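Take any residue in the sequence shown, count from 1 to its spot, add 1: that is its number in this note's numbering. Backbone N, C-alpha and C define an ideal beta-carbon position, used for all residues, glycine too. Computed from a predicted model, the values in this text were never measured in an experiment.
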Amino acid sequence: MNEISTSSNSPESGRKIPMLKASDLRAILEYVPLYRNQTFVIAIDGSVIECDNFSDIITDIAVLRSLNINVVLVHGIGRQLKDAGLRTGTELSDVYGTNPVDDKTFALAHDVSAQVLQTVRDAFAAHDLNCVTTNAIRATEVGIISGVDFKNAGRTEKIDFHSINELLKLGMIPVFSPIATGRDGRIFRINSDLLAAELAAGLHATKLIYLTETSGLSVDGGKPVAIPVDKLQEMISSNRDKIDPRVFSKVNCAAKILDPAKTPRAHILDGRRFACLLTELFDKVGCGTMIYCDEYQKIRPALPDDARTIWNISEVSSKEQNLVERTLEYIEKTIDRYFVYEVDGSIIGFVSLLDLGGGDAELASLHVQEFYRNNKVGSKLVDFVIMKAKKSGYKRLFTLSTKSAPFFKNVCHFDEVPSSTLPQKRLEKYVQSKRNSRVFLKNLQEGSEAGNIQ
Ligand SMILES: CC(C)(COP(=O)(O)OP(=O)(O)OC[C@H]1O[C@@H](n2cnc3c(N)ncnc32)[C@H](O)[C@@H]1OP(=O)(O)O)[C@@H](O)C(=O)NCCC(=O)NCCS
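Written as structure tokens, this is what we have:
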């Protein structure tokens, strides 16, 4: 997934360090205007702060700051609290600030939080970054829920977003711990995942990013690269038991606050992975799970500027004999016949609709970038072309395939027909090409089933 790199060995650690190529820098620069002056809230689990990669994460944050991206950081303390419990022989009533927090557990949480905060401060100092801690969070008690007293467990009562924004304007990185004070001076343990989500929502952060010890949301081994928030909510209600509890807390918080007008995206990344933040943000594929609620994915007519990207991608596919080889000049000339599937501003699939004359059309050049396959992108592009063809008054839609015949037959429900069914001129080209493709047909006449995109 992290195609940023070829690798070289780091002499100090013996670890493989991915190298950045000049072309990667170009790809990163594409995003610079998009993210400039935006705010990202980054929540780091305590376990990630303990891992070898923590210093690299701070380097990634330094890169974000150098690109004028505002960063707010929230740290967790779960791992450190567990360790302290073991070390002192204290039975913990709660690890993550979601259960009743008894006095002994609270005392440990308070101590380890101060230590973790110091580690974070030191790491920023080592990277010449200005961070700041504030009392902008006012907490209150969780209280008694269903007859259970949650004791020292707290929740946010009020957040002074104005002060936080002022600090961001000064180029500071506000750092928040999962310990906060109430109006009367009482201190509470709060949950860092929820705090990060609340900060993101209130600051209208463009991104809420969780760095944890898993590589994203996973149910039954399947890991979505990107999932719309409504699907996530369905998943949470139907598959709650199958979601890793570490991830559940994060996706649950994200699902609550994501809003297209405020915070449209949340990311869950494996913080142990080198350059995880930069890869997720600047690599077209990313490396974790993104939850979105904006117009993140869309099919649109291709523009002249898309021709080179389509050509580059087709080159790979034609080498694998999936697609007929097309020159850049051909694609530029016929760009108005192409439709592209865009994810976050990048083309990840495309298709073209060709006129064969006499009410016949051909669906051609269908391609989905390998990493995004099996996410229904291909079938959506096919549905879209069927709908377009039908709207344009075509009666029959052909498609030819050498390697993806079962996709057209079983997934898109085209009928396989003899090549002689093709219109005469197309048949001549078919014979000339000697590709011996299989020929499929979709009847678009009234009453026939033809795609379901409206
Ligand atoms: C064919 C292609 C466009 C499918 O895109 P996709 O986004 O992965 O497709 P979807 O996610 O909508 O559909 C996935 C389904 O199609 C099936 N499928 C995809 N490609 C297949 C193939 N070559 N043979 C058999 N089944 C295939 C998958 O197994 C999956 O089935 P399931 O839903 O029952 O699990 C993509 O694999 C591709 O770009 N291939 C290379 C180029 C190519 O062959 N183009 C077609 C010639 S014009």
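Exercise. When the Cα atoms are used, what is the spatial distance from residue 293 to residue 62?
Worked result: Numbered from 1 along the sequence shown, position 292 holds the residue referred to as residue 293. Numbered from 1 along the sequence shown, position 61 holds the residue referred to as residue 62. So the alpha carbons of these two residues sit roughly 22 Å apart.
Exercise. Which word fits residue 272, buried or exposed, when buried means at least 16 other C-beta atoms lie within 10 angstroms of its C-beta?
Worked result: The residue given as residue 272 occupies position 271 in the sequence shown. Result: buried.
Problem set entry | Beta-carbon spacing of residue 180, residue 111 below 8 Å | The residue you call residue 180 lines up with position 179 of the sequence shown. The residue you call residue 111 lines up with position 110 of the sequence shown. Their beta carbons are under 8 Å apart, which means residue 180 touches residue 111 by this criterion.
Problem set entry | Minimum C-alpha distance to residue 220 - residue among 237, 209 and 311 | Position 219 of the sequence shown, counting from 1, holds the residue named residue 220. Closest by alpha carbon: 237.
Problem set entry | Pairwise C-alpha distance: residue 305 and residue 395 | Here the question's residue 395 lines up with position 394 in the sequence shown. Here the question's residue 305 lines up with position 304 in the sequence shown. Rounded to whole angstroms, residue 395 to residue 305 spans 25 Å at the Cα level.
For this session: Measure the C-alpha to C-alpha separation of residue 117 and residue 382 and round it to an integer number of angstroms.
Result: Here residue 117 refers to the residue found at position 116 when the sequence shown is read from its first residue. Here residue 382 refers to the residue found at position 381 when the sequence shown is read from its first residue. C-alpha separation (whole angstroms): 49 Å.
Exercise. Enumerated in chain order, which unbroken segments of the alpha helix (DSSP H) with a length of 4 residues or greater are wholly contained in the stretch 362-400?
Worked result: 378-392
Problem set entry | Host alpha helix (DSSP H) of residue 237 (start-end) | Numbered from its first residue, the sequence shown carries residue 237 at position 236. That run of the alpha helix (DSSP H) goes 230-240.
For this session: Could you check what DSSP says for residue 340 in three-state terms: helix, strand or coil?
Result: As a first step, residue 340 must be located in the sequence shown, where it is residue number 339. In this structure, residue 340 counts as strand in the three-state DSSP scheme.
Exercise. Of all the options 303, 109 and 420, which has the alpha carbon lying nearest to the alpha carbon of residue 86?
Worked result: On the sequence shown, position 85 is the one that residue 86 refers to. Of the listed residues, the one whose Cα sits closest to residue 86 is 109.
Problem set entry | For residue 345, the nearest candidate out of 301, 167, 80 and 353 (CA to CA) | Counted from its first residue, the sequence shown places residue 345 at position 344. Cα-wise, what sits closest to residue 345 is 301.
For this session: Please say whether residue 177 and residue 138 have beta carbons closer to each other than 8 Å?
Result: What you label residue 138 is simply residue 137 of the sequence shown in a count that begins at 1. What you label residue 177 is simply residue 176 of the sequence shown in a count that begins at 1. Against a cut-off of 8 Å, the Cβ pair of residue 177 and residue 138 comes out as a contact.
Problem set entry | Coarse secondary structure for residue 6, derived from DSSP in three states | On the sequence shown, residue 6 is found 5 positions in, with the first residue counted as 1. Note that residue 6 scores a pLDDT of 28, beneath 50, so its modelled location is shaky; the value from the coordinates is reported in the next line. DSSP places residue 6 in strand when its eight states are reduced to three.
Exercise. Three or more C-beta pairs closer than 8 Å, one from the stretch 351-368 and one from the stretch 198-214: is that the case here?
Worked result: no
Exercise. In the structure shown, what three-state DSSP assignment does residue 408 receive?
Worked result: Here residue 408 is taken as the residue at index 407 of the sequence shown, counted from 1. It is helical.
Exercise. Residue range of the alpha helix (DSSP H) that residue 426 falls in?
Worked result: On the sequence shown, residue 426 is found 425 positions in, with the first residue counted as 1. 425-434 is the extent of the alpha helix (DSSP H) around residue 426.
For this session: Inspect the beta-carbon positions of residue 229 and residue 290 and report whether they are closer than 8 Å.
Result: Taking the first residue of the sequence shown as position 1, residue 229 is located at position 228. Taking the first residue of the sequence shown as position 1, residue 290 is located at position 289. By the CB criterion at 8 Å, residue 229 and residue 290 fall outside the cutoff.
For this session: Answer yes or no: do residue 443 and residue 415 have a C-beta to C-beta separation smaller than 8 Å?
Result: Against the sequence shown, residue 443 aligns to sequence position 442. Against the sequence shown, residue 415 aligns to sequence position 414. Yes, the Cβ-Cβ distance between residue 443 and residue 415 is below 8 Å.
Problem set entry | residue 402: CB within 7 Å of a non-hydrogen atom of ligand 1 | Your numbering for residue 402 matches position 401 in the sequence shown. Result yes, Cβ under 7 Å from ligand 1.
Exercise. Residue range of the beta strand (DSSP E) that residue 132 falls in?
Worked result: As a first step, residue 132 is located in the sequence shown; it is residue number 131 there, counting from the start. Note, residue 132: beta strand (DSSP E), 132-134.
Exercise. Below 8 Å, can you find three or more Cβ-Cβ pairs linking the stretch 187-199 to the stretch 27-38?
Worked result: no
Exercise. What is the residue span of the alpha helix (DSSP H) that residue 85 lies within?
Worked result: Here residue 85 corresponds to residue number 84 of the sequence shown, with the count starting at 1. Its alpha helix (DSSP H) spans residues 79-89.
For this session: Note down, in chain order, each residue of its chain lying with its Cβ closer than 7 Å to the Cβ of residue 131, except the 5 sequence neighbours on either side.
Result: The count along the sequence shown starts at 1 and reaches residue 131 at position 130. 172, 173 and 174.
Exercise. Quick one: is residue 441 buried, meaning 16 or more other Cβ sit within 10 Å of its Cβ, or exposed?
Worked result: Walking along the sequence shown from the start, residue 441 turns up at place 440. Per the 10 Å Cβ criterion, buried.
For this session: Please confirm whether residue 121 and residue 82 have their CB atoms less than 8 Å apart.
Result: Against the sequence shown, residue 121 aligns to sequence position 120. Against the sequence shown, residue 82 aligns to sequence position 81. No. Outside cutoff.
Exercise. Whose C-alpha, out of 437, 257, 246 and 276, is nearest the C-alpha of residue 56?
Worked result: Counting from one through the sequence shown, the residue named residue 56 turns up at place 55. The candidate whose alpha carbon is nearest that of residue 56 is 276.
Problem set entry | Beta-carbon separation (whole angstroms), residue 166 vs residue 204, contact threshold 8 Å | Translated into positions along the sequence shown, residue 166 becomes position 165. Translated into positions along the sequence shown, residue 204 becomes position 203. Correct: roughly 7 Å between the Cβ atoms.
Exercise. Quick one: is residue 433 buried, meaning 16 or more other Cβ sit within 10 Å of its Cβ, or exposed?
Worked result: If you number the sequence shown from 1, residue 433 lands on position 432. Exposed is the call here.
Problem set entry | Exposed unless 16 or more other CB atoms sit within 10 angstroms - verdict on residue 160 | The residue given as residue 160 occupies position 159 in the sequence shown. Under this definition residue 160 is a buried residue.
Exercise. Quick one, which of 421, 92 and 48 has its alpha-carbon nearest residue 78's?
Worked result: Stepping through the sequence shown from its first residue, residue 78 is reached at position 77. Closest by C-alpha distance to residue 78, out of 421, 92 and 48, is 48.
Problem set entry | Runs of alpha helix (DSSP H) lying entirely within the stretch 138-220, each at least 4 residues, in chain order | 162-170 and 193-204
Exercise. Hey, is the stretch 317-336 in contact with the stretch 259-271, meaning 3+ C-beta pairs nearer than 8 Å?
Worked result: Flag = no, the stretch 317-336 and the stretch 259-271 do not touch.
Problem set entry | Beta-carbon proximity check, residue 201 vs residue 258, cutoff 8 Å | As a first step, residue 201 must be located in the sequence shown, where it is residue number 200. As a first step, residue 258 must be located in the sequence shown, where it is residue number 257. For residue 201 and residue 258, yes; Cβs fall inside 8 Å.
Exercise. By a C-beta neighbour count over all protein chains shown, 10 Å radius and 16 as the cutoff for buried, is residue 231 buried or exposed?
Worked result: On the sequence shown, residue 231 is found 230 positions in, with the first residue counted as 1. So residue 231 counts as exposed.
For this session: Sort 256, 148, 198 and 380 by Cα distance to residue 45 and report the nearest one.
Result: The residue given as residue 45 occupies position 44 in the sequence shown. Of all alpha-carbon atoms in 256, 148, 198 and 380, the one lying nearest the alpha-carbon of residue 45 is that of 198.
Problem set entry | Unbroken beta strand (DSSP E) run spanning residue 255, endpoints | To locate residue 255, count along the sequence shown from 1; it is residue 254. From DSSP, residue 255 is part of no beta strand (DSSP E) but of the alpha helix (DSSP H) over 246-258.
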